[in-house]
Each structure stands twice: as C-alpha cells, then as structure tokens.
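Here the structure comes first, spelled out in structure tokens, and everything after it is commentary.
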Amino acid sequence: MKFIGVKLMKYNQNFSLLEQNYIFTKLKEKVSQLRANSKLDVIDLGIGDVKLPLFNCVVSAMKTASEELGNADTFKGYPPSEGYYFLREKIANEYKNFRADISADEVFITDGAKGQLGSITELFGANLEVLFLSPCYVAGAEANVLRGNKVTFLTASEKDGFFPSPPYGKTFDLIYICSPNNPTGETMDENLLSVWVEYALNSGSVIIFDGAYSSFISGDYPKSIFCLPNARKCAIEINSFSKSLGFTGVRCGYTIIPNELFELNKLMKRWLGCRFNGVSYVSQRGAEAIFSKSGREEVKKRINFYKTNAEILKIALKSVNLWYNNTVCSPYVFAKVPNGTTSTDFCELLLEKTQVVATPGNGFGLGGEGYFRLSALATRDEVLKASDRISSFKF
Ligand code: PLP
Numbered sequence: 249m250k251f252i253g254v255k256l257m258k259y260n261q262n263f264s265l266l267e268q269n270y271i272f273t274k275l276k277e278k279v280s281q282l283r284a285n286s287k288l289d290v291i292d293l294g295i296g297d298v299k300l301p302l303f304n305c306v307v308s309a310m311k312t313a314s315e316e317l318g319n320a321d322t323f324k325g326y327p328p329s330e331g332y333y334f335l336r337e338k339i340a341n342e343y344k345n346f347r348a349d350i351s352a353d354e355v356f357i358t359d360g361a362k363g364q365l366g367s368i369t370e371l372f373g374a375n376l377e378v379l380f381l382s383p384c385y386v387a388g389a390e391a392n393v394l395r396g397n398k399v400t401f402l403t404a405s406e407k408d409g410f411f412p413s414p415p416y417g418k419t420f421d422l423i424y425i426c427s428p429n430n431p432t433g434e435t436m437d438e439n440l441l442s443v444w445v446e447y448a449l450n451s452g453s454v455i456i457f458d459g460a461y462s463s464f465i466s467g468d469y470p471k472s473i474f475c476l477p478n479a480r481k482c483a484i485e486i487n488s489f490s491k492s493l494g495f496t497g498v499r500c501g502y503t504i505i506p507n508e509l510f511e512l513n514k515l516m517k518r519w520l521g522c523r524f525n526g527v528s529y530v531s532q533r534g535a536e537a538i539f540s541k542s543g544r545e546e547v548k549k550r551i552n553f554y555k556t557n558a559e560i561l562k563i564a565l566k567s568v569n570l571w572y573n574n575t576v577c578s579p580y581v582f583a584k585v586p587n588g589t590t591s592t593d594f595c596e597l598l599l600e601k602t603q604v605v606a607t608p609g610n611g612f613g614l615g616g617e618g619y620f621r622l623s624a625l626a627t628r629d630e631v632l633k634a635s636d637r638i639s640s641f642k643f
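Counted from 1, the sequence shown has number 496 at position 248 by the working numbering; the numbering is strictly sequential.
Pasting the structure below:
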C-alpha cells in the first residue's frame, strides 16, 4: 500500500503472486540491451514473434480499406464490437472445411488471443478453480491469478507425450488446453481431445481451447475442438491470426462460443458491449483477404516455410546430441538441456557462446524446467546462421 496525496491506493495484491517480469518482456529487454551494448550479431529465436512481412493480398486489402476510411462516403467509425459480419462469416465457413459446424453468430472478432485468454474469465464468477496443462503459454494463467482465481498446473512430461490425462476425481470450473501446444509443439489427436471433452462434460467444466497454432496442423489432428461435436456443449475456442498471417503487430483474432452455451454467448455480447470497442476495419479487411484461393495458398506456403525452419534447427540439435520433441505441427522446437544444467543456465550459456537467444523452458511453468524452446518464426538466413553456430558448439 502506498499513499498518493491523501488517498490510500488499493492495489491489486495478486500482482505480488506473479513473477516480477513477464517472461517475454524480460527476454526482449535482454536482447535489446545486448544489441545496444555490443557489436555481437544476436539471433533472437526466443520470443515467438514473426519476422516475415504481410502477404501482398493482405496489404492490398488493407490499402483499399484505408482509402475507404479516407472517403466521406465510405468512412466508418466504431466497428461492431462483435466484429464485421463479412469476417465472422468467412471464419465460420472456413471451419466447415474441417468438419466443424460453426455459424457466424458464434464467432466474435477480437484483437488477438492473449487478451481473450484472460478476459474470457469475466464471463464467469469469482474464485474459480482453473486447470492448466504445464508446460504452457503462461499469459492465461497469470491473468487468472490476477483475478484471484485458484490456478492448478497439471504437469506433463516426455513419458505422457507432454499431454497428461484428466485428473479424474477432481473438478475445475475452467480447463485451459492449447493444441498445438506452445512450447512443446505437441498436438492432441481426436482420441485424447475427446477424453478431455468427456471429462469436462462429466465434471461440469468449460474448456478454454487455445488454437493459436491451429494453422500449423497437418495430418489427421483436429484443427479445432469443435471437430468434436460434443465440444459444443462445453468449450470456447480462442484463436489468432498472429502467427499464420503475421498479424502480431496488426492485431486480429477471434473467439468462438457455440450456441449450445447460450448463456455464455449472450454474456460475451454483453461483455463486448461494456469492455471492447472492436477491431479496426482495416485489420478485419486484411484478415478477410486470406480466405481467397490465392490467400490460402500464401498462408500454406508461409506455414511450410516456418516448418522447414524448424526441421533445420532440429538437424543442428541432433548434430550436437541434444534431444528434441519431434513434432510436425508447430513453429517451435522444444529441446532438452544437457544433463546437470538448468534451463536458465543453459540458455545463458547458449547466448554467451553462440549469440542465439532461446527461451528457457521454466518460463512455461514447472513442467518446462530442463528444456528450452527455439522459435522457427524467423527468416531462413537467421535460422541457417543459428543452426551453424549451434552445430559447431560443444555443450
Ligand atoms: N496463445 C498462445 C499459445 C501463444 O503462444 C500466443 C503468442 O505467442 C498467444 C496465444 C497470443 O496470441 P496473440 O498474438 O493473438 O495475442
């Protein structure tokens, strides 16, 4: 507590339960400092930010949209808070392509997944019991801690393929599942996902499904939790255009709340009304542009480019005998640090000796200790250089 003037400020005491700095803020600062203080050629494969530019079709759609806003006849003010229908409809139709029956009124356009992973909790009551599968992207867990919810981590390991089984006998209000998972790259197959859906239905929980990497899925894995019809009774999906379209700076994503969860769908509209003023018309037109034949092809090419990056990094790790999780639906390589060292110490050593930035696995929760993550969302040049340096370094 601190006095400002005569007023006693009531800070949210839950901040004291968080790490002092958010993992990726810390990493970003470290890389900036290194670059500013030395002439070293630092290659940042730590933060999962994209490095390649927007697609031509997206840029062209955004230019046209800007011109519309610059014309009195076609100018637009506040966007609809649930999103423009043209984009909601395109997203819903896309889901039909992978056997998920979604309608436009179930899709809400957002400014990305991160904010939603936390603010979705405002649709529910206080003091929630919330389950996360660790290691995981920690933003949702931190947001729940800030709200005063009780967060439990169910730790996965190599033995269970980095996805644990449901904790039968225990119940949670919310269960966060990310598939393909950041950082492990592991993707739930239909069997495992349906086990979790049945568990949620039987225990009265709602699954918050983070599909931020769904566009990296190939093969038979479900591209959405709604590929399982039963999930319509117990799940919300949060998704993002950040990695697939390079929208980390543009900001656009979406949340799907099925009509079977009628009350939550209604509350989401109410939440948007009081807490959100929509996503810019320009961003939404940009996102819409990829739902064309050529747009889809550009996305596919970009995803394959990142996946090839990941394969190149794996070859380098193999050459120095470092174990990695050999997944194919993710832009990340999740690898094991050598025996006798910790995630943090290893990443420090890697940076010092090779100037390659990796994220220490413990930044993704306890389940990540002993591992590190390399991001393949980089240019080919960066990945080749980083691979050369890793291959020639004796750990
Ligand atoms: N969910 C996961 C699993 C992520 O890894 C990330 C970003 O790295 C996000 C959500 C955030 O996505 P957005 O950029 O849409 O906020």
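Built from N, CA and C at the ideal position, the CB exists for glycine as well.
- Apart from the 5 residues on each side of it in sequence, D359 sits with its Cβ closer than 6 angstroms to the Cβ of R499 and V527 in its chain, given in chain order.
- Inclusion of R621 and V581 in the CB contact set at 9 angstroms is warranted, their separation being smaller than that value.
- Contact between the segment 563 to 576 and the segment 331 to 339 is absent, with fewer than three C-beta pairs closer than 8 angstroms.
- S492 and L256 have their C-alpha atoms spaced approximately 46 angstroms apart.
- Residue pairing for D458: DSSP places it in a beta bridge opposite C426 and I486.
- Within the segment 475 to 548, complete alpha helix (DSSP H) segments of at least 4 residues are found at 510 to 523 and 529 to 536, given in chain order.
- Separation of the CB atoms of S453 and D421 is rounded to 6 angstroms, and the pair is thereby assigned contact status at 8 angstroms.
- In this structure, N430 lies near G296, with their beta-carbon atoms less than 9 angstroms apart.
- Counted as a single uninterrupted DSSP element, the stretch harbouring E377 is not any alpha helix (DSSP H) but the beta strand (DSSP E) occupying residues E377 to S382.
- V307 counts as exposed, since fewer than 16 other C-beta atoms from the protein chains shown sit within 10 angstroms of its C-beta.
- Counting only beta-carbon distances shorter than 6 angstroms to the non-hydrogen atoms of ligand 1, the qualifying residues in chain order are G296, G360, A361, K362, Y385, C426, N430, D458, A460, S488, S490, T496 and G501.
- Annotation: the continuous alpha helix (DSSP H) that includes I638 extends over R628 to S639.
- The segment 406 to 416 makes no contact with the segment 386 to 397; the number of CB pairs closer than 8 angstroms stays below 3.
- Distance from the Cα of E536 is smallest, within the candidate group I350, M516 and F489, for F489.
- Annotated three-state conformation of T575 is coil, per DSSP.
- Residue pairing of L622 in beta bridges, as defined by DSSP: V581.
- Between G588 and P383 a beta carbon distance of about 20 angstroms is seen, past the 8 angstroms cut, so the two are scored as non-contacting.
- Selection E545, F539, A479 and T419 evaluated against N439 yields A479 as nearest (Cα-Cα).
- With a cut-off of 8 angstroms on Cβ pairs, the segment 449 to 469 is in contact with the segment 571 to 580, counting three or more such pairs.
- Classified as buried, F457 has 16 or more neighbouring CB atoms from the shown chains inside 10 Å of its CB.
- When the Cα atoms are used, S351 and W571 turn out to be separated by approximately 43 angstroms.
- The beta carbons of G363 and A606 sit about 26 angstroms from each other, so the pair does not count as a contact at 8 angstroms.
- Excluding its 5 nearest sequence neighbours in each direction, I484 has C-beta neighbours in its own chain below 6 angstroms: I456 and I505, listed in chain order.
- Each of A634, K601 and S542 was checked against the Cα of N557, and the nearest Cα belongs to A634.
- In this structure, V355 places its C-beta atom within 9 angstroms of the C-beta atom of Y502.
- Annotated three-state conformation of M436 is coil, per DSSP.
- A residue is called buried once 16 or more other Cβ atoms fall within 10 Å of its Cβ, and G611 is buried on that count.
- Under the three-state reduction of DSSP, I350 is assigned to coil, being neither helix nor strand.
- With 16 or more other Cβ atoms from the protein chains shown falling within 10 Å of its own Cβ, Y447 counts as buried.
- When rounded, the separation of the alpha-carbon atoms in Y619 and P586 is 9 angstroms.
- Residue pairing by DSSP places F401 opposite F380 in a beta bridge.
- The C-alpha of V547 lies about 30 angstroms from the C-alpha of N507.
- Around the Cβ of S280, a 10 Å sphere holds fewer than 16 other Cβ atoms; the residue is exposed.
- Residue environment: R395 is assigned as buried (16 or more neighbouring CB atoms within 10 Å of its CB, all protein chains considered).
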